[in-house]
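Protein chains in written order, with UniProt numbering: chain W, 1 to 151; chain A, 1 to 323.
This is how it looks when you write it as structure tokens:
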């Protein structure tokens, strides 16, 4: 698959992506997309130790507002706020349970650093999203070189 | 544009912080522990250790913060007693700190510049002119020094101070226009820290240009811009930005002060500014003109009396009875 296609799936309606890749892009698509996602706040940066405050809940609400959709009821968000977890993927699983009926998911973009880069996308593209090896680093297990969906 | 869902969720978090997070009973326990410590020190008249009195004022502050939140934010009563006492404590923190400038010149302050400015404008709103002037003199006298560390990043604080100066026809460093820039430049020249002072005041620049307008529609629009600015930042509560704190996150004191000043000058004010920010119980507190002094906290009173008796240079000694 072309790099462009995966970029379109992660950032489907972003007009700035193409000029960004043209002007600031390197030959490392993984790095470029990470940089773009963090810069435009379409990726949520979460420390590997977990959230500080309510980062995931706020991220979901920002997404809803920007895309004019409702992904979770207030009660669901309150449940997420109060949700206790030891490892972040446990919380992401909980988020995905809530977003599933709406056809959305919280995905994790591969990183080589000690943080998570999370993004929200429609589940209809899940097969394509998960199969692409983006991070080309042999020392990292194969699965972690791809986008992940915790279910 | 405000994300209403995010704002409501943040407001709920802000309120719940004083139900599930900081519990009034726990704060009261700490207050009681401080109380006995202070009583002992005062009894022994222990001058060498009396800075502990000053340090413990923080516990009194926290106690009244919790009381204010419980009365107004949680119970929705129109009762600013806790808020008034919090600010009275800030006043005495300043007065007490002044006594230790020689003994402990680098002593950590129990208050911030932000807290002092908030107190100053509230004294103005309460109509406590005597205490307002003493606090203002303190600010001016120590401005930029250790006791009033003015490397302040919050834009609303520069706005409030400048509006206060213009309203009272006073100046700091010779000016009451674009104060933050004057202060920044002056600090820079003196080699003092000033990097946190903003270069612009965002929405407040426009408000300071036009706060005295006689046009009701214009002031309505300015207030709505301020409210939007505050609400957007309060939506990010917990992130520690401007208005991101649980103490004053949803309390729009900067707008309330503007309304107060305009009312005093006989300028038109909107009857009911809309939105969640302007219609929460903290925003809707009504202050009397003048607002009665709060009941003396017995511990605070003991400390004040102790300082009055032991230190002739203690500022309140020059002014007779206060509060």
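Built from N, CA and C at the ideal position, the CB exists for glycine as well.
Computed from a predicted model, the values in this text were never measured in an experiment.
Annotation: the continuous beta strand (DSSP E) that includes residue 46 of chain W extends over 44-47.
Runs of the beta strand (DSSP E) lying entirely within the stretch 84-120 of chain A, each at least 3 residues long, are absent. The DSSP-derived three-state label of residue 99 of chain W is helix.
By the C-beta criterion, the stretch 196-203 of chain A is judged to be in contact with the stretch 216-235 of chain A, since at least 3 inter-stretch pairs fall below 8 Å. The residue from W:60, W:135, W:122 with its alpha-carbon nearest to that of residue 95 of chain W is W:60. Taking a cut-off of 8 Å for Cβ pairs, the stretch 119-129 of chain W and the stretch 5-14 of chain A do not touch, as fewer than three such pairs fall below it. Segment contact: the stretch 130-145 of chain A against the stretch 162-175 of chain A, three or more CB-CB distances shorter than 8 Å; contact assigned. DSSP, reduced to helix, strand and coil, places residue 175 of chain A within a strand of the structure shown. Within chain A, the C-beta atoms nearer than 8 Å to that of residue 74 of chain W come from 5, 8, 9, in chain order.
Cβ-Cβ distances below 8 Å link residue 13 of chain A to 237, 238 in the same chain, with the five nearest sequence neighbours on each side left out; the list follows chain order.
Interface residue (Cβ-Cβ distance to chain A less than 8 Å): residue 62 of chain W is classified as such.
Close partners of residue 239 of chain A in chain W (Cβ separation under 8 Å): 53. By the C-beta density criterion, residue 22 of chain W is exposed, having fewer than 16 other C-beta atoms within 10 angstroms. Given a length threshold of 4 residues, each whole run of the alpha helix (DSSP H) inside the stretch 191-254 of chain A is given here in chain order: 203-210, 216-234. Residue 178 of chain A and residue 19 of chain W have their C-alpha atoms some 39 Å from each other.
Under the Cβ criterion of 8 Å, residue 77 of chain W is counted among the residues facing chain A. A distance below 6 Å between beta-carbons, with the five flanking residues on each side excluded, links residue 187 of chain A to the following residues of its chain, in chain order: 194. Proximity of residue 14 of chain W to chain A, defined by a Cβ-Cβ separation below 8 Å, is not satisfied. If the five residues before and after residue 152 of chain A are omitted, its C-beta is found closer than 6 Å to the C-beta atoms of 113, all from its own chain and listed in chain order. When the alpha-carbon of residue 83 of chain W is set against those of W:56, W:150, W:10, the nearest one is in W:56. Cβ neighbours of residue 161 of chain A within its own chain (closer than 7 Å, five residues either side excluded): 117, 179. One thing to note: residue 127 of chain A has its Cβ no nearer than 8 Å to the Cβ of residue 58 of chain A. The C-beta of residue 84 of chain W comes no closer than 8 Å to any C-beta of chain A. Assigned with DSSP and collapsed to three states, residue 105 of chain W falls in strand. Burial of residue 30 of chain W is indicated by the presence of at least 16 other C-beta atoms within 10 angstroms of its C-beta.
Taking C-beta separations shorter than 6 Å and ignoring five residues to either side along the sequence, the partners of residue 24 of chain A in its chain run 66, 70, following chain order.
Inclusion of residue 117 of chain W and residue 37 of chain W in the CB contact set at 8 Å is warranted, their separation being smaller than that value.
In terms of Cβ geometry, residue 47 of chain A and residue 303 of chain A do not form a close pair [threshold 8 Å]. Its chain contains 146 as the residues whose beta carbon lies nearer than 8 Å to that of residue 106 of chain A, once the 5 sequence neighbours on both sides are disregarded; these appear in chain order. Counting only the Cα atoms, residue 230 of chain A lies some 38 Å from residue 314 of chain A.
Distance check between residue 33 of chain W and each of W:14, W:114, W:85, W:47 places W:14 closest, using alpha-carbon atoms only. Listed in chain order, the beta strand (DSSP E) elements of length 3 or more contained wholly in the UniProt domain "DUF6630" (8-131) of chain W are 44-47, 104-109, 115-122. Looking from the CA of residue 290 of chain A, the closest CA among A:74, A:276, A:122, A:299 belongs to A:122.
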